[in-house]
Amino acid sequence: MIDDIDEARDWLGNEIDCGTCRHLGLRATGGCCLTQACVNDRYAQRIDRFFNWNPQLADAYITHPHFEVRAIAARHANLFLLPMLLEDAEETVRWNAVRRLPKRFVLRLRSDPHRDVRMRVATLLEGEELAPMMSDQDYYVRLVVASRIASALLGRLMNDDEPKVRRVVALRIPYDWLLGMVNDHDSSVRLEIARRLSPDSLSVLRRDPDWRVRYEVASRIRAAELAELTEDDDAMVQEVARGRVAIRPERPRESGT
């Protein structure tokens, strides 16, 4: 299928001349095709198609001046050539190289200067390997770490500066740690805590400033502790609390009465 854009120009904007290409012989065998599969084209899709058709040529292009060529060549090149690309100036090249390398090389990029690389690296690691990334300067990276690291290692992130990170922590920390986050400054975090707490422990949140938290409490707290919530300032909290009081089962009558 021919791509939508018919013009064929290289990464510098020059018109591509097949007559001067060192791969001219591939045209006859269907190894390349202008506007479809061409290593000299500026469009990544066409470069990618070229290497899909000719993966054996990738080794020769990992030092090409155009970063798209280097990045795509890294997907096909000999593994022994890839470590040199971990120092490449372009983050896309570094990522495409490291994703194919053994774990010891992935660990080197935990402190990569580009946050997208660090985020992706975090998806390849687990357990203690992620621990150094818990203090990453970018909260998106810490968010990935919080969602993947073993729950028993999440203690350091319970007081993270970013509410979105603490919310993930609230979803994953061991149950016994939940009460340590009931005073979190962010209501969305406290709501996740309320959803996980058992009815016996919800009383600590019955006076939470956010009505959504109190609603969750009123929905599941022990019936004996509902009285205060039936007079809540929020109508929806009142309604759910009073509804539960109204349907509270009667005590069984004593025999002989």
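The opening position of the sequence shown corresponds to residue 1 in full-length UniProt numbering, with each subsequent residue numbered one higher.
For each residue, glycine too, the CB sits at the ideal point set by N, CA and C.
Residue i and residue j closer than 9 Å at C-beta
| i | j | result |
| --- | --- | --- |
| Ala122 | Val98 | no |
| Asn14 | Gly31 | no |
| Ile16 | Asp41 | yes |
| Arg118 | Asp138 | yes |
| Leu125 | Arg100 | no |
| Tyr215 | Asp234 | yes |
| Ala58 | Ala37 | no |
| residue 285 | Val237 | Because residue 285 is not part of the residues shown, which for the chain are 1 to 257, the question remains open. |
| Val93 | Arg70 | yes |
| Thr230 | Val245 | yes |
| Arg206 | Glu228 | yes |
Span of the alpha helix (DSSP H), counted from its first residue to its last, around residue i
| i | result |
| --- | --- |
| Ile193 | 187-196 |
| Ala28 | 26-29 |
| Ile47 | 44-53 |
| Met236 | 235-246 |
| Ile72 | 67-73 |
| Arg172 | 163-172 |
| Val117 | 115-122 |
Reduced DSSP secondary structure (H/G/I, E/B, other) of residue i
| i | result |
| --- | --- |
| Glu15 | strand |
| Arg99 | coil |
| Ala150 | coil |
| Leu81 | helix |
| Ala37 | strand |
| Arg222 | coil |
| Arg206 | coil |
| Arg212 | helix |
| Arg9 | strand |
| Thr63 | coil |
| Leu91 | Note on identity: in this sequence residue 91 is Glu, with Leu being the wrong assignment. Residue state, collapsed to three classes: helix. |
| Met158 | coil |
| Gln56 | helix |
| Asp176 | helix |
| Arg22 | coil |
| residue 275 | The requested residue 275 does not occur in the structure, where the chain is confined to residues 1 to 257. |
| Asp200 | helix |
| Val182 | coil |
Cutoff 9 Å: residue i Cβ touching any chain D Cβ
| i | result |
| --- | --- |
| Val245 | Within the model displayed, chain D is absent; a lone protein chain is all it includes. |
Buried or exposed by the 16-neighbour rule on C-beta atoms within 10 Å, applied to residue i
| i | result |
| --- | --- |
| Asn96 | buried |
| Asp6 | exposed |
| Asp161 | exposed |
| Phe50 | buried |
| Glu128 | exposed |
| Arg46 | buried |
| Ala223 | exposed |
Checklist entry - Within the chosen definition, does the stretch 197-209 reach the stretch 161-174 through at least 3 CB pairs nearer than 8 Å? => result no
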